[in-house]
Amino acid sequence: MKFITFGEIMMRLSTDPSDTFRTADQMNVNIGGSEMNVAMSLAASGVDTAMISSLPDNAFGRRTLSLLKSNDVETRHIRTGGQRMGTYFLEQGFNIRSSSVIYDRKYSSFEQSTVEDYDFKTAFEGYDWFHFSGITPALNTELQKVLLRAVETAKEMGLKISADLNFRGNLWSFDEARSTMPQFIKHCDVIFGYEPLELKEDGKEVKDGLERNPDADTLAPILEKLHTAYDIEYIAFTQRTVVHSNRNIIKGMLSSKDGIRETDAYEVEILDRIGTGDAFTAGVIHGLMNGLGEQDILQNALGNMLYKHTISGDFATEDISKMADVLDATREVKR
């Protein structure tokens, strides 16, 4: 199957773990973004992959195009124009000090793009799977129109559609996200996460009051309602318990209309947490594309996610089909 995605590609400027925003006098440069991270992981795993986006026609835009091309991501549907790339600043957390993000993406080439800038019908020709995230509609109302055009076109053309709900509190409110996302999600076959997504009965939100990591028995009736309300085939997500900024315990879950499957919980030490959810997303998509059983899908997806915690930058580029081995890894040297 062939995969295509739409979203903003960003420049990341990050401190060293020993520095804060107040003390850093230099920063590391990386390129990434939720949709790009998924595309890079799938391309590294042998999937024919493309991106739709907008980049400035300057040295940073050209550097990004070169990076994508060198990692086998098709770039012919990336528009060049505008003045700047969206940027975010990352303060790397350590132990009791959490990571922190500051966005600087207003007036970027992507943020300023409009419906007229994209020919989704042409871009989707020959592709089988379209993916987006909840970050794009959080940017402005014009991009909500752009995304709706993309999703409706993909649906009309028969593409499988997936979405990572990806709430970003620095971009919009939780209530705004809940009320906005349904117009996109009703067209999806696969979603990642179940919040923020509206699900009301008798005027009340069904999911309100859920604890942070509810067990499968608690989630089952709620996820069943989501499957029915939005006609969703799969709902995939992870549960993360934070020991401290550099040590988490994580498990993966996959819900279908037949019930919920889950992995064991694994402890991971963290070099770089950014992009780890995208690695899980790529793993699930890869498994579904290749017709794997649900438990095998979860094992590879969680392995890809845990592996990404050990890689600096926004994305990992290892073969997803081998990532289940990560879950059985020991600390012994491989010779």
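Start counting the sequence shown at 1; every next residue gets the next number (full-length UniProt numbering). All residues carry an ideal CB built from backbone N, CA and C; glycine is no exception.
Keeping to the same chain, check which residues put their C-beta closer than 8 Å to that of residue i; ignore five residues upstream and five downstream.
i: L42; result: F3, T49, A282, I285, H286 and I320
i: E116; result: none
i: P182; result: L197, E198 and Y230
Got a sec? Which residues, its chain only, sit under 6 Å from residue i by beta carbon, not counting five neighbours each side?
i: S54; result: R79, S109, F110 and S113
i: V333; result: Unreliable positioning characterises V333 in this predicted model, as indicated by a pLDDT of 37, which lies under 50. The coordinate reading is nonetheless provided below. Around V333: no qualifying Cβ.
i: N28; result: S14
i: N300; result: G283, G287, I320, M323 and A324
i: V326; result: G303, L306 and Y307
Helix, strand or coil for residue i per DSSP?
i: A236; result: strand
i: R62; result: helix
i: E176; result: helix
i: L55; result: strand
i: D325; result: helix
i: T228; result: helix
i: H187; result: coil
i: A316; result: coil
i: L223; result: helix
i: D25; result: coil
i: F132; result: strand
i: E111; result: coil
On the premise that residue j lies in contact with residue i, defined as a C-beta separation below 8 Å, what is that separation, rounded to the nearest angstrom?
i: L298; j: L254; result: 5 Å
i: T15; j: Q83; result: Rounded, the Cβ-Cβ distance is 26 Å, inconsistent with contact.
i: G275; j: D328; result: The pair is not a contact, with the Cβ atoms about 23 Å apart (cut-off 8 Å).
i: V38; j: D278; result: 5 Å
i: residue 368; j: I260; result: Absent from the structure is residue 368, since the part of the chain shown begins at 1 and ends at 335.
i: T75; j: M51; result: 7 Å
In terms of alpha-carbon separation, which member of the options lies closest to residue i?
i: E201; options: E176, P221 and A316; result: P221
i: I232; options: E318, T263, W172 and I161; result: I161
i: I191; options: K204, D164 and S179; result: D164
i: L271; options: T238, L292, M305 and A301; result: M305
i: K207; options: E125, C188, D189 and F174; result: F174
i: T20; options: V73, R97, F60 and M40; result: R97
i: N30; options: V47, G61, S18 and A44; result: G61
i: F280; options: T64, R240 and A24; result: R240
Excluding sequence positions up to five away, which residues of its chain have a Cβ less than 7 Å from the Cβ of residue i?
i: V243; result: I249
i: T218; result: none
Give a yes or no on whether the minimum CB-CB distance between residue i and chain C is below 8 Å.
i: K207; result: Considering every chain present, this structure includes no chain C. It has just one protein chain.
- So, do the stretch 6-16 and the stretch 130-144 have three or more beta carbon pairs nearer to each other than 8 Å? yes
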